[in-house]
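In the UniProt record's numbering, the protein residues as written are 1 to 96.
Set out below in structure tokens:
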């Protein structure tokens with residue numbers, strides 16, 4: 001299932017990034033739960049990381065991380081049972 005946000009459904013230009021993310025998470029959670037025929041089932045982790053992408057290389061690195069993220073859950077810092085490896089640690093050091 002693919003979902004693409006449209007500007008007029010999520011926010012006006014005066015809203016904060018946090019409220020935009022909150023709206024996106026709320027809308028997509030409702031749609032996914034409707035699709036799966038479930039009620040009030042959480043989809044998203046609680047927080048998000050706000051980060052300004054400053055170069056094409058950085059954007060490519062983030063794209064690769066997103067693409068490979070499900071395969072690397074065992075190393076993810078958000079996984080309570082995970083054990084972050086060097087790749088995970090190196091990726092996140094640029095966000096702190």
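The beta-carbon is built from N, C-alpha and C at its ideal position, and this holds for glycine as well.
#1: Might you give, ordered along the chain, the residues of its own chain that have their beta carbon closer than 6 angstroms to the beta carbon of residue 32, omitting 5 neighbours on each side?
#2: Taking just the CA atoms, how far does residue 23 sit from residue 16?
#3: If you scan the UniProt domain "Transposase IS200-like" (12-69) from start to end, which runs of the alpha helix (DSSP H) of 4 or more residues do you find wholly inside it?
#4: Output yes or no for whether 8 angstroms exceeds the beta carbon distance between residue 49 and residue 91.
#5: According to DSSP, is residue 92 helix, strand or coil?
In short:
#1: 43
#2: 11 angstroms
#3: 17-36, 56-68
#4: no
#5: helix
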